[in-house]
Structure formats: structure tokens, C-alpha cells
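Structure first, then comments.
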Amino acid sequence: MNAAEAGRPHAVAPELSALLAEAGRWVEETGGAFDPAVGALVEAWGLRGEGRVPTTADLAAAVEASGWDRIAVDPEADVVVRRVPGVRIDAGGFGKGAAL
Numbered sequence: 000m001n002a003a004e005a006g007r008p009h010a011v012a013p014e015l016s017a018l019l020a021e022a023g024r025w026v027e028e029t030g031g032a033f034d035p036a037v038g039a040l041v042e043a044w045g046l047r048g049e050g051r052v053p054t055t056a057d058l059a060a061a062v063e064a065s066g067w068d069r070i071a072v073d074p075e076a077d078v079v080v081r082r083v084p085g086v087r088i089d090a091g092g093f094g095k096g097a098a099l
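Note that the sequence shown covers residues 0 to 99 in numbering that gives the first Met the number 0.
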């Protein structure tokens, strides 16, 4: 899903669709304090590796590509749309719990 073309519907498994819909409910419930659409920021800062300080331009691009409002989930049709290029889901905040 993270590699799907932006602006086009991408079919996902019903389980993933339901999981993303639940994540969206948590985004709303927490007023955005929980937001799994931060993959671009995680990558910019190198948080899954040794870490780094991004350039101003890289950080600005990551901010533009982050935020749940840049993702559309249709759990009825099992479809996800990445509204902007570069937006990615980081499952670190919910993936492990879902796996259990």
C-alpha cells in the first residue's frame, strides 16, 4: 500500500482495511496525537536505523507527506487512497498489537 500510486484507489485485504479504519478512529479519538501516517517523517529522521538530522528541504517534504488526512480508507470497498505522493503508513504504533 505504501508503494501504491498516489491519487488512485488501491485494493487491500479486508483485514488491513479494517485495521486502517480502526487506526483512523484512533486518530480522531486522540485529536491526531496518534497518527500512523508518519512514515515519511520516520524515514527522514532515520528512526528505523542509525538516525540522522534531515535537511530543511527533506524535513519540509516529509511534513507535507505526513498526516492521516493524506490517506483515505474505504473499509466497505477495502480500498485505500494515498492522497499525496510520499505519504506512508508506519505500523509501529499499532502493528505489533494487531499481530497479537
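All C-beta atoms, glycine included, are put in the ideal place defined by N, C-alpha and C.
Check your understanding: Taking C-alpha atoms, which residue in Arg7, Asp57, Phe33 and Gly50 lies nearest to Ala90?
Key -> Scanning Arg7, Asp57, Phe33 and Gly50 for the CA closest to the CA of Ala90 turns up Phe33.
Review point. So Pro35 and Asp77 are in contact, right, with Cβ under 8 Å, and what is the actual spacing, rounded?
Key: With 8 Å as the limit, Pro35 and Asp77 do not qualify as a contact, their Cβ atoms being about 18 Å apart.
Point to revise | Ala97 versus Ser16: straight-line alpha-carbon distance, rounded | key: If I take the Cα positions, the gap works out to 12 Å.
Check your understanding: Is the beta carbon of Arg87 sitting closer than 7 Å to the one on Gly38?
Key -> The answer is yes: Cβ separation under 7 Å.
Check your understanding: Since Pro53 and Trp67 are thought to touch, with beta carbons under 8 Å apart, how far apart are those beta carbons, to the nearest angstrom?
Key -> The Cβ separation is near 21 Å, so there is no contact.
Exercise for review: To the nearest angstrom, report how far apart Ala2 and Glu21 are at their CA atoms.
Suggested key: Between Ala2 and Glu21, the C-alpha separation is close to 21 Å.
Exercise for review: Identify whether Ala97 lies in helix, strand or coil by the three-state DSSP scheme.
Suggested key: Note: Ala97 maps to helix in three-state DSSP.
Check your understanding: From the DSSP output, which residues share a beta bridge with Arg81?
Key -> Answer is Ile70, bridged to Arg81.
**Study point:** Nearest neighbour of Leu40, chosen from Ala10, His9 and Ala61 [CA to CA]
**Key:** Ranking Ala10, His9 and Ala61 by Cα distance to Leu40 puts Ala61 first.
Check your understanding: Bridge partners of Ala10, per DSSP?
Key -> Under DSSP, Ala10 forms a beta bridge with Val78.
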